[in-house]
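**Student:** Just so you know, this note's numbering puts 725 at position 511 of the sequence shown, and the rest follows in order with no gaps. Questions regarding the structure given below will be posed in turn.
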Amino acid sequence: MKHNLVLKQSVIAVALAVGGTQFAVAQQAAEPAVQKVFVTGSNIKRAEKEGSSPIQTVNAKQIAASGANTVAELLKTIPAFGSGASFDTSAGSFTSGAATASLRGMGSSSTLVLLNGRRITASAYADPNQGKSAVYDLNSIPVSALERVEIFKDGASAVYGSDAIAGVINFITKSDYRGLELTASVAANDDGEFGKRTVSGVWGFGDLEENRFNALISFDVSKRDSTNVYDQKDVHNDLYRSINGRLNPYSSALSGSPFFYKEKTPGSKSFATTYADRDKIVNRLGCDKSQQITGDAAAHILQATDPLIGRTFCNYDTNGFNEVQSAGKDANILSRFTLKLNDNLTAFAEAGYSRTERTYTGAPIAMRSTSSSSIFTADGKPAQQYQLILPVGHVDNPFPDARSAVGFRMVNARGGSENLNESFRVLTGLKGTTGNWDWETGLLWNRSEREGTSYGRLHMPTLNRIVTEGRSIADTIKDPNVTRDVVNKGYAQVKQLDAKASTTLGKLPGGDIGLAIGGEFRKEEISLTPDALTASGQIIGVANTSLNGERNVRSAFVELRTPFLKNWEMDFAGRYDKYPGEKSFVPKVGSKWTINERVALRGSFAKGFRAPALLQVAPGGVQSFTSAVDYLRCPDGQKFLENGEKADCKKSFSSLSASTPDLKPEKSKSYSLGLILNPMKDLDVLIDWYRIKKTSETALIGAQAVIQNPGRYPTAAVIRDQNPATWVSQRVPDPADPSKTISVVVPNSGPIQQVNRAWVNQGSTEVSGIDFEVAYRKSLGDWGRLTQNLSWSHLMEFRRAERPGFLAHNLAGSYGNYADRAANVDDNPRNRGSYSINWSKDVHSVTATVDYVGPVSLVTRWDNDKTYNPPVCYYGYNADGKLGEGGLEHYSEYFQGLNNCSVKSWTTVGLNYTYTGIKNLTLSFNVKNLFDKKAPYDPRYGDTSDFQGYDPQLHNGMGRYFRLSASYKF
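Here is the structure:
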């Protein structure tokens, strides 16, 4: 009897690791009827087997065994996911409180997220970072309700439309469930930090066949603890302290005891800020002696120009407010009701609610008025500049003949912030069979609401009383009205009506011809409303984001499956989408050829598109604060010119990003080719090559690019202080005597106040790689069963041409922004892998896992068409004795040579034990990072703003982490 090669999801063998695609090859007789189901990536039913595109399925047992507390944690272990996602750990990002996913490292905006086959709404965020313009928050999806997760690792715009360039994640909840199950879990590391407690449950009743209905309600409630940076032991604190100055005794010189900086020349608004002008800087010592320290260049990692060297001052410990995990509360509830009206017609409805609350600690706000601060209004105009300058004769001004800038902290004010996300989802629909057609239609409403509160922001009218009324700084600090809480609100929602139908048209030698058609009407909305005080320009240093937009999207699709021969089939798909002002049609074709029962080939080609996110085209704009090197005032990124200051070498400034209504969609082409091997009964091998090229990428022009290329971007501008007294001078050869130098003023070189940017279609990204997977199963007879799985993802190419005409260098294995200074690319290790081995017997199941993340180079090789020969390390001293652009003078003492200029690889081992020997009770004990291996040192995460001590996209700082759970079925 001839056997056909079939990859059945129903025989997937799993253990703990979710890090790879687990699949199994089974022999199937031709006689029994083959059950057909819908799988992600197609609207045509098929047998439960691999098709022309790779799909990874993670079922409920795998999810439970993984030890993952959240959906985001689950996906992070899968090698196909890369950088470009947002992680819900601590404050400081545009998407605080949200978690997203990024397939192939192409950004969360290129990964479509579905819940039970339908889109979820984007959340009410405005993230200007590349690849993150659409934020699909995974926190809104309850882990306890999931039956399985299907990950379609191929372009799918021809089936699902916009955003599915890199692939699709479909979260499928339990259905037709009967019974009651309650689960409780507690998790923390071996220091008792990163704690989380969860209670979840699922209750289902009614049998579709006997009672003609089924109802299901699931809930998930959790609470996580705050972990302070002082309590994080599983990162290289010693290296961060020695190289970056992280957690050394010096934290901040801005406290309740003010600093005063003398104006250099009357009316110049240029103040003493360097060690050379230290006699023109005065500070008070109104704190307890235990808080006083004397600045030391070596001990406190201070630059030679820092005026704190040798000065005794009040040190304010801001580290006590820095969290590596914020406190949070989460609640999810999801219900599903199915009613079988007759044998050919079923009604269904879903209703869900999720709530994610995060509380972030933060130091009381401080200010230093040696340079101006931005005050935004919501009318889209450039930011106003505010600078608090004490006049001569002010009660606090220590200089009798000059004005003074000041620096101090509102020590009585509350710092930090809170974020609340709520999501509402209602779906109702019908599905059935009419003649030879299976059909389904649904009406969906999904809304996400967000409220973000920033505590203790500076209220300009109250603060300015220091100048207008001669009020003292001490009285101002005591005034509770000098700071205000700022509340920003927003919502995003989608309303959708869809219908689809599938049938068979006839037969070919290989079987039935499958056809699917469908259409969709969708209305998308977003509205972001800033706080009234911020919108009216009363709050210092807080950006407004004001958006109000909506659009209608109409779509139609068709799919065709043609089994030309018993061992050869082809799939065809096409989708038409109409957005306001834009139309798109994208096709896809796939093929699978089963050579024999041991070998099969598959491949696909697809075009894709991604419509601009609403925040990019809707009326309004995104105001933000960013930082960059001002190369006009700090040419080498390390040493500032005369009349400059240290801040010029990493300048923080405001940015206004206007919407671009005529922005064009991104387009893509993707290719895949796979080899499926079943060399022996219990061994399966799957090798898939992929390539994706995305063009006309929608991105916000980088602030650094605007600064370095004045005039290149017509819609962008650098706004500087026009006061000639703030301009810098540089040394040039003296024309009269070239052996000498003279100081020459650089025209229009005042400090940067604002960089205006715009969304543009720019450049391209090309990604290619190989996914390699092996599954081996072995029956041990009376000794149980052994299962092994290996999943490996190798990145061959990651090329980004930031602008049309730019060179696209291969940035695989590096932090792209350092490897090519003209590219805006995150970390992309060449290799990621996961191995698991599971032994199960009767009521016992033990799984060990090994997870690997490859190294990431920090070497600079290019700047578009400029090649560094030899390449240079971004940090520390290079072979020529010059300090790299990233600084950190002590870096080379620990990491010498280009081979060590990297974030090292990271290998961790996990262990899981599950016991089911007590009736209706399941007990599980999970340990991640069994050998307590510290996250590799990463110099980018050891400064005052990025202080986590690890790259959250690749690693974590939790160390050995335990999770104990118990489930009981009633």
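We put the beta carbon where it would ideally sit given N, CA and C, even for glycine.
(1) Out of L1009, G281, N257, P924, which one is the CA nearest neighbour of N164?
(2) Can you list, in chain order, the residues of its chain whose CB lies under 8 angstroms from that of Y705, leaving out five sequence neighbours each side?
(3) I need the straight-line Cα distance from A240 to K806, nearest angstrom please.
(4) Only counting the same chain, and skipping five residues up and downstream in sequence, which positions put a Cβ closer than 8 angstroms to that of N695?
(5) How about the stretch 1108-1115 and the stretch 1082-1094: do they share at least three Cβ pairs that are nearer than 8 angstroms?
(6) So, using beta-carbon positions, are F1012 and L1021 closer together than 8 angstroms?
(7) Return the residue from the list L711, R572, A715, K721 that minimises the CA-CA distance to R1191.
(8) Can you tell me where the alpha helix (DSSP H) holding Y1105 begins and where it ends?
(9) Is it the case that the stretch 306-316 contacts the stretch 570-584, given that we only count it when at least three CB pairs across the two stretches are under 8 angstroms?
(10) Nearest to R934 by alpha carbon, out of S963, K908, N497, P928?
(11) For the alpha helix (DSSP H) holding L1168, just list the boundary residues, first then last.
(12) Can you give me the Cβ contacts of Y1193 inside the same chain, cut-off strictly under 6 angstroms, excluding the 5 residues immediately before and after it?
(13) Taking the C-alpha atoms as reference points, what is the distance between N283 and V357?
(14) Taking DSSP as the reference, what is the three-state secondary structure of Q922?
(15) Please confirm whether S376 and Y350 have their CB atoms less than 8 angstroms apart.
(16) Given that a residue counts as buried once 16 or more other Cβ atoms are within 10 Å of its Cβ, and exposed if not, what is Y444?
(17) With C-beta atoms as the reference, is G728 less than 8 angstroms away from K714?
(18) Taking DSSP's pairing of strands, which residues face C528 in a bridge?
(19) In whole angstroms, what separates the C-alpha of D652 from that of E361?
(20) If you follow the alpha helix (DSSP H) that Q830 is in, where does it begin and where does it stop?
(21) In chain order, what residues of the same chain lie with their CB nearer than 6 angstroms to the CB of E245, ignoring the 5 residues before and after it?
(22) What's the C-alpha gap between Q236 and L897?
(23) Exposed or buried, which one is R768 when buried takes at least 16 other CB atoms within 10 Å?
(24) Straight-line CA distance for D531 to K494?
(25) Quick one: using the 10 Å Cβ neighbour count with 16 as the cut-off for buried, is Q1002 buried or exposed?
(26) Classify A757 as helix, strand or coil using the three-state DSSP reduction.
(27) For the alpha helix (DSSP H) containing I355, list its first residue and its last residue.
(28) For F473, count neighbouring Cβ atoms within 10 angstroms of its own Cβ and tell me buried if that reaches 16, exposed if not.
(29) Closest to L352 by C-alpha separation, out of G977, R1035, G1027, S568, would be which residue?
(30) With a 10 Å radius around its C-beta and 16 neighbouring C-beta atoms as the bar for buried, classify S432 as buried or exposed.
(31) Flag this pair as touching only if the stretch 1029-1037 and the stretch 982-996 have three or more C-beta atom pairs under 8 angstroms; answer yes or no.
(32) How many Å lie between I691 and R679 at the Cα?
(33) Looking at the structure shown, is E811 part of a helix, part of a strand, or coil, going by DSSP?
(34) Leaving out five residues before and five after P1018 in sequence, what residues of the same chain have Cβ atoms less than 8 angstroms from its Cβ?
(35) Cα-Cα, which of A832, V920, L522, S347 is closest to V496?
(36) Can you name, in chain order, every residue of its own chain whose Cβ lies under 8 angstroms from the Cβ of W941, other than the five neighbours on each side?
**Tutor:** On the basis of the data shown:
(1) Limits of the chain in this structure are 215 at one end and 1184 at the other, which puts residue 164 out of reach.
(2) The answer, listed in chain order, is A338, R661, S662, E663, R664, E739, I740, S741.
(3) Note that A240 scores 34 on pLDDT, short of 50, meaning its location in the model is unreliable; the coordinates nonetheless yield the value given after this. About 17 angstroms.
(4) H673, T676
(5) yes
(6) no
(7) It is not possible to answer for residue 1191, since the shown part of the chain is limited to 215 through 1184.
(8) Counting along the chain, the alpha helix (DSSP H) containing Y1105 begins and ends at 1105-1108.
(9) Taking 8 angstroms as the limit for Cβ pairs, the verdict is that the stretch 306-316 does touch the stretch 570-584.
(10) Checking every option, the nearest Cα to that of R934 belongs to S963.
(11) First-last for L1168: undefined, no H or E at that position.
(12) Because the chain is modelled from 215 through 1184, residue 1193 falls outside the range shown and cannot be assessed.
(13) 8 angstroms
(14) helix
(15) In this structure, Y350 does not lie closer than 8 angstroms to S376 by Cβ.
(16) exposed
(17) Contact flag unset, no.
(18) Bridge partners of C528: Q506.
(19) 23 angstroms
(20) 828-831
(21) For E245, the predicted model reports a pLDDT of 43, less than 50, meaning its position is unreliable; a value from the coordinates is still stated below. None.
(22) Bear in mind that a pLDDT of 33 at Q236, under 50, signals an unreliable position, so the number given afterwards is only what the model happens to contain. Cα to Cα, Q236 sits roughly 12 angstroms from L897.
(23) exposed
(24) 25 angstroms
(25) buried
(26) coil
(27) First-last for I355: undefined, no H or E at that position.
(28) F473 should be labelled buried.
(29) S568
(30) buried
(31) Here the stretch 1029-1037 does not lie against the stretch 982-996, with fewer than 3 beta-carbon pairs under 8 angstroms apart.
(32) One alpha carbon belongs to I691, the other to R679, and they sit about 12 angstroms apart.
(33) coil
(34) Q976, G977
(35) L522
(36) N857, V959, V960, P961, N962, S963, G964
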